[in-house]
Amino acid sequence: MFNGLKEKYRVRVQKKLEEAVVQYFAVHPEVKLIVVAGSVGKTSTKTAVATMLAQKYRVRLHEGNHNTHMSVPLAILGIPYPENVRSFSAWQQVLKQAKARVLAPTDVDVIIQELGTDQPGDIAQFGTYLKPDIAVITAVTPEHMEFFKTMDAVAHEELAAGNFSKLALINRDDIDGAYAQHLTNGNIDTYGTSAAAEYHFEEQDFSVEGGHVGMFVGPEMPDGVQAAVKVLGEHNVRPAIAGAAVGLKFGLSGEEIAAGLANMRPVAGRMSLLRGLNGSSIIDDTYNSSPVAASSAVQTFYALQAPQRIAIMGSMNELGESSAAEHEKIGKLFHPDMVDWVITIGDEAGKYLAPAAHSNGCQVKPFMNAIQAGAFAHSVLEKGALVLAKGSQGDVYAEEAIKILLHDQADVTKLVRQSPAWMATKEEYFERNLV
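Letter 182 of the sequence shown, counting from 1, is numbered 183 in the numbering used here, and no numbers are missing.
In structure tokens, the structure reads:
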């Protein structure tokens, strides 16, 4: 984002912003910092934590997913990115705002910040100036494998956030216990949907309308509290459990925990249920895709009853050398007695996922872009069908397939990546790939 600025100046600005963050917490020690790291599920988890804590505290939450070394200190301080990132004067103004924010009375009680990584060492770099009160680690799954190469390297990277925080809260369901060797912090708790986690949810019932109903249990609340979490899929209950666990750490009552869980809703593009044409239902899981998220989405898809099932599966990005094997694994999840059509978007899904599903006997139709995939789904859509749309961000954009299937076009606002900037990016992409 610093294209056009000299590297020396970029480093200087970065350093000064990091120093401002350190100064901010020194001047305002009452402000608590929660960071969320992990291969997948960060956005849902930080939103769940914010929903829970906002009942009692003033919360700062960056709505986007900018989690680069430059954007993190800006988000923590509540300073917007300058419109002209190539302007020296714009960044000088940012530095002035940072100084003012340090000296001004605080406007928040809790800051929740997502930490992302593109290559080894990114997370550890945040630890050179951040000292979070709690780090929530959501998952260790394949990501940026062209750089990390092995899952052990991914685990070392993501769990680093737990090591420079006062408390690490680890998702026991999506982080293999073998990776505990990468944790040096002795202050660790776990959360999840299994009873093996200290903080967990004992499900009693589920319905599309009422969500997951059951008992949330934690060490501070051994008898549990009855609650309902209105999300779709067990894997989407886990962010809610993380939010409830953090709530207990912050002293929320059982009634507040139950209310916070009841108020949680899926993030756009994260297993959201939308009305489709011809009385159909659409599971919108287009925010992003990874092997564990795709597998979980398919299992939830199978758990819901429908006279026809259509799966629209986009390529999973950033898998490196493991791409072929991971796409094939997802393809093998599809069976003709469980799904009527498997429609793929993108090169990797077409090469590996589609043939695997076809070898199981499924009807399969591969396409290179989402508009073509959506048009075909529209042509085979039957009354009361259930459609799952899943895909990564870059060069997939499965949300555009959903647009063609919506009952009410006003629901386009509920889809991901609909800003003018995103639509311009997608229009350019589809113009080059409508063949």
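Note that the Cβ used here is the ideal one computed from N, Cα and C, for glycine as well.
query: Please look up how many angstroms separate the CB atoms of Glu-19 and Pro-83, rounded, as I've assumed it's under 8 Å.; result: Not confirmed; about 17 Å, so no contact.
query: Taking all protein chains shown into account, decide if Lys-43 is buried (16 or more other Cβ within 10 angstroms of its Cβ) or exposed.; result: buried
query: Note down, one range per segment and in chain order, each alpha helix (DSSP H) of at least 4 residues found wholly within the stretch 326 to 403.; result: 355 to 360 and 371 to 381
query: Taking the beta carbon of Glu-147 as the centre, do at least 16 other beta carbons fall within 10 Å, making it buried, or is it exposed?; result: exposed
query: Since Ala-355 contacts Thr-345 with CB under 8 Å, what's their CB separation in whole angstroms?; result: 5 Å
query: Going by C-alpha distance, which of Gln-93, Asp-338 and Glu-329 is nearest Gln-306?; result: Asp-338
query: Tell me whether Met-152 sits in a helix, a strand or coil according to DSSP, three-state version.; result: helix
query: According to DSSP, which residues form a beta bridge with Gly-219?; result: Met-222
query: Between which residues of its own chain and His-70 is the CB-CB distance below 7 Å, once the five residues before and five after are set aside?; result: Gln-15 and Gln-126
query: Could you have a look at Val-268 and say whether DSSP puts it in helix, strand or coil?; result: coil
query: If you draw a straight line from the alpha carbon of Asn-85 to that of Lys-17, how long is it in whole angstroms?; result: 19 Å
query: Under the three-state reduction of DSSP, which class applies to Gly-244: helix, strand or coil?; result: helix
query: If contact is defined by three or more beta carbon pairs under 8 Å, each pair taking one atom from either stretch, is the stretch 305 to 319 in contact with the stretch 383 to 397?; result: yes
query: Please state the DSSP three-state secondary structure of His-201.; result: strand
query: So Asn-289 and Ser-393 are supposed to be a Cβ contact under 8 Å. How far apart are they, rounded?; result: 6 Å
query: Excluding sequence positions up to five away, which residues of its chain have a Cβ less than 6 Å from the Cβ of Glu-115?; result: Val-37, Lys-43, Lys-47 and Asn-68
query: Tell me, to the nearest whole angstrom, how far the beta carbon of Val-141 is from that of Tyr-180; I am working on the premise that it is less than 8 Å.; result: 6 Å
query: From the DSSP output, in three-state form, read off Val-230 for me.; result: strand
query: Starting from Asp-285, follow its DSSP beta bridges and name the residues at the other end.; result: Ser-273 and Ala-390
query: Pairs of beta-carbons, one from the stretch 267 to 277 and one from the stretch 242 to 249, closer than 8 Å: are there three or more?; result: no
query: Given a threshold of 16 other Cβ atoms within 10 Å of its Cβ, counted over all protein chains shown, does Leu-160 qualify as buried or as exposed?; result: buried
query: Within 10 Å of its beta-carbon, does Leu-34 have 16 or more other beta-carbons around it, so buried, or fewer, so exposed?; result: buried
query: Tell me which residue opens and which closes the beta strand (DSSP E) that Met-314 is part of.; result: 310 to 315
query: At which residues does the alpha helix (DSSP H) containing Lys-17 begin and terminate?; result: 8 to 28
query: Of the residues Val-103, Asp-110 and Glu-31, which one's Cα is nearest the Cα of Arg-59?; result: Asp-110
query: Which of the three DSSP states is assigned to Thr-129 in this structure?; result: coil
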